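Sequence order for the protein chains is A and B. Note that numbering that gives the first Met the number 0 has the first sequence beginning at 0, numbered continuously upward. Note that numbering that gives the first Met the number 0 has the second sequence beginning at 0, numbered continuously upward. Where is the CB? At the ideal position from N, CA and C, for every residue including glycine. Just so you know, these numbers come straight off a predicted model, no measurement behind them.
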Amino acid sequence: MELLLSTLFLPLLGFIFLLFINREKVSYLKFFSLLFSIGTFVVSIFLFLKFDFNNPNFQFKIEQIWIPILDAGFRVGIDGVSILLVMLTTFISPITILSSFSSIETRQKEYYSLILLLQFAMTGVFVALDTFLFYIFWELVLIPMYFIIGLWGSKNRIYAAVKFFIYTVVGSLFMLVAIIWLGIYVGSNILQTPYGFTSNLILIREVLAVNSIPFTVEKWLFLAFALSFCIKVPLFPLHTWLPDAHTEAPTPGSVILAGILLKLGTYGLIRFNVELFTNSAIFYAPFFSILAVIGIIYGALVSAVQTDVKRLVAFSSVSHLGFVVLGIFSMTVEGMQGAIIQMVNHGLSTGMLFLAVGILYERRHTREMAEYGGIARPMPAFSVFFALAMLASVGLPGLNGFVGEFLTLLGAFKSPILNSWLYTIFAATGVIFAAVYLLTMFQKVVFGPITNPVNKNLKDINFREWSYLVPIVIFIVWIGVYPKFFLNYSEKTVKSIINKTYELKIAKPNPSPYFKDISVTNSFTK
Amino acid sequence: MTSWVYLVPLFPLAGFLILGIFGKFLKKEAIIGTIGSGTIFLSFLLSSLILFEWISKGYSEPKVVVIYPWIVTGDLSVNIAYLVDQLSILFSLIVTGVGFLIHVYSIGYMHGDRGFYRFFAYLNLFIFMMLNLVLANSFLLTFLGWEGVGLCSYLLIGFWYDRKFEGTKIEWTGDAGNKAFIVNRIGDFGFLIAMFILFLNFQTLDYLELNKIFTLSFDGFYNTALITTTTLLLFLACTGKSAQIPLAVWLPDAMAGPTPVSALIHAATMVTSGIFLVARNATLFSLAPSTLMIIAIVGTFTAFYAASIGLVQNDIKKVLAYSTVSQLGFMFSALGVGAFVAGVFHVMTHAFFKGLLFLGAGAVIHGMHEEQNIKNMGGLRKYMPKTYSTFLVATIAISGIPFFSGFFSKDEILWKVFDSGNILLWLILVVSSLFTAFYMFRLLNLVFLGKERFDSYHIHPHEAPKVMTVPLQILAFLSIFGGFLGIPYILGFWFSEHPNLIETWLYPVFTDATKILASTGTIKAHHIPHLAIGEYILMGFSILIALLGIILANKFYSDETLAIPRKLSTKFNLFYKTLYNKYYVDEFYFFAIADPIISTSKNFLWKFFDDKIIDGFVNGAGKVTVAISDILKRMQSGFVQNYATFMFLGVIIIILWMLLIV
Numbered sequence: 000m001e002l003l004l005s006t007l008f009l010p011l012l013g014f015i016f017l018l019f020i021n022r023e024k025v026s027y028l029k030f031f032s033l034l035f036s037i038g039t040f041v042v043s044i045f046l047f048l049k050f051d052f053n054n055p056n057f058q059f060k061i062e063q064i065w066i067p068i069l070d071a072g073f074r075v076g077i078d079g080v081s082i083l084l085v086m087l088t089t090f091i092s093p094i095t096i097l098s099s100f101s102s103i104e105t106r107q108k109e110y111y112s113l114i115l116l117l118q119f120a121m122t123g124v125f126v127a128l129d130t131f132l133f134y135i136f137w138e139l140v141l142i143p144m145y146f147i148i149g150l151w152g153s154k155n156r157i158y159a160a161v162k163f164f165i166y167t168v169v170g171s172l173f174m175l176v177a178i179i180w181l182g183i184y185v186g187s188n189i190l191q192t193p194y195g196f197t198s199n200l201i202l203i204r205e206v207l208a209v210n211s212i213p214f215t216v217e218k219w220l221f222l223a224f225a226l227s228f229c230i231k232v233p234l235f236p237l238h239t240w241l242p243d244a245h246t247e248a249p250t251p252g253s254v255i256l257a258g259i260l261l262k263l264g265t266y267g268l269i270r271f272n273v274e275l276f277t278n279s280a281i282f283y284a285p286f287f288s289i290l291a292v293i294g295i296i297y298g299a300l301v302s303a304v305q306t307d308v309k310r311l312v313a314f315s316s317v318s319h320l321g322f323v324v325l326g327i328f329s330m331t332v333e334g335m336q337g338a339i340i341q342m343v344n345h346g347l348s349t350g351m352l353f354l355a356v357g358i359l360y361e362r363r364h365t366r367e368m369a370e371y372g373g374i375a376r377p378m379p380a381f382s383v384f385f386a387l388a389m390l391a392s393v394g395l396p397g398l399n400g401f402v403g404e405f406l407t408l409l410g411a412f413k414s415p416i417l418n419s420w421l422y423t424i425f426a427a428t429g430v431i432f433a434a435v436y437l438l439t440m441f442q443k444v445v446f447g448p449i450t451n452p453v454n455k456n457l458k459d460i461n462f463r464e465w466s467y468l469v470p471i472v473i474f475i476v477w478i479g480v481y482p483k484f485f486l487n488y489s490e491k492t493v494k495s496i497i498n499k500t501y502e503l504k505i506a507k508p509n510p511s512p513y514f515k516d517i518s519v520t521n522s523f524t525k
Numbered sequence: 000m001t002s003w004v005y006l007v008p009l010f011p012l013a014g015f016l017i018l019g020i021f022g023k024f025l026k027k028e029a030i031i032g033t034i035g036s037g038t039i040f041l042s043f044l045l046s047s048l049i050l051f052e053w054i055s056k057g058y059s060e061p062k063v064v065v066i067y068p069w070i071v072t073g074d075l076s077v078n079i080a081y082l083v084d085q086l087s088i089l090f091s092l093i094v095t096g097v098g099f100l101i102h103v104y105s106i107g108y109m110h111g112d113r114g115f116y117r118f119f120a121y122l123n124l125f126i127f128m129m130l131n132l133v134l135a136n137s138f139l140l141t142f143l144g145w146e147g148v149g150l151c152s153y154l155l156i157g158f159w160y161d162r163k164f165e166g167t168k169i170e171w172t173g174d175a176g177n178k179a180f181i182v183n184r185i186g187d188f189g190f191l192i193a194m195f196i197l198f199l200n201f202q203t204l205d206y207l208e209l210n211k212i213f214t215l216s217f218d219g220f221y222n223t224a225l226i227t228t229t230t231l232l233l234f235l236a237c238t239g240k241s242a243q244i245p246l247a248v249w250l251p252d253a254m255a256g257p258t259p260v261s262a263l264i265h266a267a268t269m270v271t272s273g274i275f276l277v278a279r280n281a282t283l284f285s286l287a288p289s290t291l292m293i294i295a296i297v298g299t300f301t302a303f304y305a306a307s308i309g310l311v312q313n314d315i316k317k318v319l320a321y322s323t324v325s326q327l328g329f330m331f332s333a334l335g336v337g338a339f340v341a342g343v344f345h346v347m348t349h350a351f352f353k354g355l356l357f358l359g360a361g362a363v364i365h366g367m368h369e370e371q372n373i374k375n376m377g378g379l380r381k382y383m384p385k386t387y388s389t390f391l392v393a394t395i396a397i398s399g400i401p402f403f404s405g406f407f408s409k410d411e412i413l414w415k416v417f418d419s420g421n422i423l424l425w426l427i428l429v430v431s432s433l434f435t436a437f438y439m440f441r442l443l444n445l446v447f448l449g450k451e452r453f454d455s456y457h458i459h460p461h462e463a464p465k466v467m468t469v470p471l472q473i474l475a476f477l478s479i480f481g482g483f484l485g486i487p488y489i490l491g492f493w494f495s496e497h498p499n500l501i502e503t504w505l506y507p508v509f510t511d512a513t514k515i516l517a518s519t520g521t522i523k524a525h526h527i528p529h530l531a532i533g534e535y536i537l538m539g540f541s542i543l544i545a546l547l548g549i550i551l552a553n554k555f556y557s558d559e560t561l562a563i564p565r566k567l568s569t570k571f572n573l574f575y576k577t578l579y580n581k582y583y584v585d586e587f588y589f590f591a592i593a594d595p596i597i598s599t600s601k602n603f604l605w606k607f608f609d610d611k612i613i614d615g616f617v618n619g620a621g622k623v624t625v626a627i628s629d630i631l632k633r634m635q636s637g638f639v640q641n642y643a644t645f646m647f648l649g650v651i652i653i654i655l656w657m658l659l660i661v
């Protein structure tokens, strides 16, 4: 219990602490922000170790009512779906802070405090078990991110920041309406609580499991939540804020955006859309899966024609997150497990790609691929790390990306809800295109001869850069070589989610000795 | 010994890690070379010990050694586990044996290279991945190796990343690496989908379990759309990795890599993965007669296509590359007619002589200071006697001259294709063999014989050092005698009931598949070995064909003026150009597939759809909001009269509303 509280509040404590440091003492600011974030990571390791992955329910639960009239409370807890994402957050945050040391040169005080505030808010989203609290954290994420893009970004930062903000807020407002409706419905219609409202997520879950909302209404609730989450993911065609935000944000901003922020959306899709509105999720699964598949291909194709390396990586996120959404809406254990591990993978490998691009940017102050070429010679160690991140993104077996892609595709393939091979067949072409855009980028930047003499004397990565790249590589390899360790953590929870889906809503597909799936027997008997 | 099989891939992995992490600090090439090749030697040793154990104890059932659970979730449970059987032992021996020789050779070839340790690290990683591919007990682990060898191939093709390399839309060696990886990915797409289909229907990706299912109720599966689709998708993967039509285009460009790489990866081992995959799943493929037919056709046409291109190429490595594509086609033809043993046998002999040819080419390139155009060579025999004699052996072997290794394996393929009744395919293969003998002796003539056509003032060809020639000699020995492992019954009946050792050894692996094929009439069931007159006639015929090719090549190219080839190339200029430009396949792919995708992505998806449509809507929504506010803000003029007017209007509206509606 204390562990979860400390994981959540240590960054906030750091935020407050940093307010009291003199803005001239930049090294203090750096030191303490790093200290707090590493401290949080250490605490979260204990949380991770104490987490019982055989228990599918919420653990480390804390409940404290703060607004009785809304039945709103400080309710937090984690389960198999959130534990890995909390760990991802605590892991990526110190890395972004380390990478900020060189990339942020103005207003450090505001910057480092905002980063810690952001970490607090993101962790909050993952642990909140109260719709009201969830909404607060959800919106709180926006503020620091808005400033990080707007203040420390590059040339077009204001446009990008405003676009990011408005896009997201539009979605959240719909979600707010849905949260209120849900609170009133459960609070007054079913439970008849004193004030006719509740925001207790566990309670809502339990109630909805027994009394389902009229389908016509549930569909609207589902869509309201989905809109908000899909903007965050971002799901095609709601993705256009992402390339701008990613490109204009400073390196650490992009890392947080890609690494953690996008996962708020996919997490929400599981936590609310699939768990609460299962009927609608089944109803809309084909629709969202189609959008996901379009996103996979679209993101990859557009990525392939970029000349700005950061924009290229940004579009690749659209493609990679498509796999996550596809996995979620496959509504199979494999698919959802793949989605969860893919969220972590994307955070690691795309985060690392952004770090690598940032390392280059700091040395050359350009993101145009044509400016580079032949980097392998002056920066051999860097090139190895860059290659690893690139290959992880390509989905090479043995590295992390493959596990997620394989499982999501497999899940979509066997999904009785999607009930068609076409999703997987189209989505799998994304695997081909991923090789196209990433290898081409790598060729242009790292291989080839040195065309620009400035690149001849670039310094290879320094100790600080080593220190934040190596840990990522460890996890990239670890997840690739022994994914069972990580899959175990979410296995039980995911199974219980999927089982509920099958028990309540649809009949299990009839198991026959060889042709388990109905669609297959239909199309594949002689 | 068998339970120690995990050490076989572990040694190269250790080598990779040591060299990859500490290689920079190892200053001596000798140490790096020893680590690099020593690890492979240990693997080879262990593989040999396993082989001896299997022979001495007479094992025949496959054994599985589980290392640890890999991807386990939902219904999926895949272990890292190795499957030891006759097939995987044979492939491990080829990979580590030929691999070891090529590693040793590389010590000499890569001498003085800036990336010496990097090279050996990559090679070790390659062997590790290749061993995973052949030892895997499940599709998924094979896929790990499959993609892993692709990665190493990519890294090694672009090893000299700042060197130029010419090809269609290829400028640097790295571009060639990209091409190889991307084309292979298209094949891997098939592999992935095939795995999904298998898992969906059988809940397992384990080779043995699947084999059991297929064997037990093969009637139910025979010729079903399910099996045909799966096998076709797997074969798509094979066409990628083993460079068959339609994905053959990457292999010639893969020659951008250092020559030992071409020998090891792009001739002896990796490109035969496709044959391995089909052989490993022989039972599955035997259930799909239409797929087998397609494999036979594709293999045969690839054999012809590549051999014909090889006739006119002038780059020593390109000739060999097309030759490899062509020989792989031969192997697939064999698989396609159900002659799995013949296909695998040719993998082995091909590894010997083609590895040798590439290494010999490397020695030539080395001795000629990076010259690769055979038009600028000639007369090297004098300067490089050892290279010449070994190269000659390999050339004879690949041409199919009796009692050299290539003769046995190729002849068996030709016979099996003929015996299966596909006379047309057989005919095409015979023509391809003629081409093979021709282009190989053309190469030999232009490189080693005749007058020196290079600038002997600047270039002083020299024999390669011992570390390079000894592997050549060992491979030459194998190229001569390796074929005796597969003596056909008609030649060996006088000393043994089963003179074909390879067939006897591999018999248990293909038992199920052979039974299915025989019972469904795809192959003829020869229950007892017999002497077929036809087989003797065909053998004699194919020897004559080989001799014809050799004689023609010698006639054409021993003449210094090259009068006949010149005349032919002008007379049949269109033909010549088509062959020289590889049937324009690359150009066609770019024109029909790659370029349209790129331009659509750029001009339509990005510049139009993203920027104009979606962002037009998003920014438009913002602009509309601003525009409306612009109008509304005029109401806040600050003049009391205006506010009073609005108030008055408002009151009137309310009154009207109450009167008229409520």
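Problem - B/Phe-352 vs B/Ala-396 beta-carbon contact at 8 Å - result: Between B/Phe-352 and B/Ala-396, the C-beta gap is smaller than 8 Å, which places the two residues in contact.
Problem - C-beta neighbour in chain A for B/Phe-669, strict 8 Å - result: Coverage of chain B is limited to positions 0 through 661, which leaves residue 669 of chain B absent and any answer about it impossible.
Handout entry: Among A/Leu-117, A/Asn-199, A/Ala-225, the one whose alpha carbon lies nearest that of A/Leu-132
Key = Looking at the Cα atoms, A/Asn-199 is the closest of the given residues.
Problem - Residue from A/Trp-420, A/Ile-478, A/Ile-431 whose Cα sits closest to the Cα of B/Ala-225 - result: First, the residue type needs correcting, since residue 225 of chain B is Leu and not Ala in the sequence shown. For B/Leu-225, the closest of A/Trp-420, A/Ile-478, A/Ile-431 by C-alpha to C-alpha distance is A/Trp-420.
Exercise for the section: With 7 Å as the limit, tell me which residues of the segment 440-461 of chain A have their beta carbon closer than that to any beta carbon of chain B; keep them in chain order. Expected result: The segment 440-461 of chain A vs chain B, Cβ under 7 Å: Gln-442, Phe-446, Gly-447, Pro-448.
Handout entry: Where A/His-345 falls, given that 16 or more other Cβ within 10 Å makes a residue buried
Key = So A/His-345 ends up on the buried side.
Practice task
Work out the CA separation of B/Leu-12 and A/Lys-507 for me, nearest whole Å.
Solution key: The predicted model places A/Lys-507 with a pLDDT of 45, which falls under 50 and marks its position as unreliable; any figure quoted below should be read in that light. The alpha-carbon of A/Lys-507 is positioned some 44 Å away from that of B/Leu-12.
Problem - Straight-line gap, A/Gly-76 to B/Ile-244 (C-alpha atoms, nearest Å) - result: Between the C-alpha atoms of A/Gly-76 and B/Ile-244 there is a straight-line separation of about 56 Å.
Handout entry: Segment limits, alpha helix (DSSP H) that includes B/Ile-660
Key = Run containing B/Ile-660: none; DSSP gives neither H nor E here.
Handout entry: Best match in B/Ile-630, B/Arg-113, B/Lys-374 for proximity to B/Gly-449 [C-alpha to C-alpha]
Key = The candidate whose alpha carbon is nearest that of B/Gly-449 is B/Lys-374.
Practice task
Examine chain B for any beta-carbon lying closer than 8 Å to the beta-carbon of A/Phe-45, and answer yes or no.
Solution key: Chain B contact via Cβ: absent.
Exercise for the section: Please name the residue in A/Tyr-184, A/Glu-361, A/Lys-218, A/Pro-213 whose C-alpha comes closest to that of A/Leu-202. Expected result: Looking from the CA of A/Leu-202, the closest CA among A/Tyr-184, A/Glu-361, A/Lys-218, A/Pro-213 belongs to A/Tyr-184.
Handout entry: Residues sharing a beta bridge with B/Arg-678, DSSP
Key = Examination of residue 678 of chain B is not possible in this model, given that chain B is present from 0 through 661 alone.
Exercise for the section: Report yes if the C-beta distance between B/Tyr-488 and B/Pro-498 is below 8 Å; otherwise report no. Expected result: Yes.
Practice task
From the DSSP output, in three-state form, read off B/Ser-636 for me.
Solution key: Per DSSP, reduced to three states, the secondary structure at B/Ser-636 is coil, with no helix or strand assignment.
Practice task
Taking all protein chains shown into account, decide if A/Ser-511 is buried (16 or more other Cβ within 10 angstroms of its Cβ) or exposed.
Solution key: Here A/Ser-511 scores only 35 on pLDDT, less than 50, and its place in the model is too uncertain to base an answer on.
Handout entry: Beta-carbon neighbours of B/Phe-188, restricted to chain A and to distances below 9 Å
Key = The contacting residues are Ile-424, Ala-427, Thr-428, Val-430, Ile-431.
Handout entry: Burial state of A/Leu-116, where buried means 16 or more other Cβ atoms lie within 10 Å
Key = A/Leu-116 counts as buried, since no fewer than 16 other beta carbons sit within 10 angstroms of its beta carbon.
Exercise for the section: Please confirm if the segment 460-472 of chain A is in contact with the segment 321-331 of chain A, defined as three or more CB-CB distances below 8 Å between the two stretches. Expected result: Taking 8 Å as the limit for Cβ pairs, the verdict is that the segment 321-331 of chain A does not touch the segment 460-472 of chain A.
Practice task
Report yes or no: is there a C-beta of chain E within less than 8 Å of the C-beta of A/Thr-246?
Solution key: Of the protein chains in the structure, A and B, none is chain E.
Handout entry: Beta-carbon proximity check, A/Phe-441 vs A/Ala-386, cutoff 8 Å
Key = Between A/Phe-441 and A/Ala-386, the CB-CB gap stays under 8 Å.
Exercise for the section: Give the DSSP-derived three-state secondary structure of B/Ile-654 in the structure shown. Expected result: The three-state reading of DSSP puts B/Ile-654 in helix, counting H, G and I together.
Handout entry: Buried or exposed (CB count within 10 angstroms, at least 16 for buried), B/Gln-312
Key = The residue is buried, with at least 16 neighbouring Cβ atoms inside 10 Å.
Problem - Proximity below 8 Å, CB of A/Gly-79 to CB of A/Glu-502 - result: The criterion of a C-beta distance shorter than 8 Å is not satisfied by A/Gly-79 and A/Glu-502.
Practice task
Going by DSSP, name the residue or residues bridged to B/Pro-68.
Solution key: Looking at the DSSP output, B/Pro-68 sits in a beta bridge with B/Asn-78.
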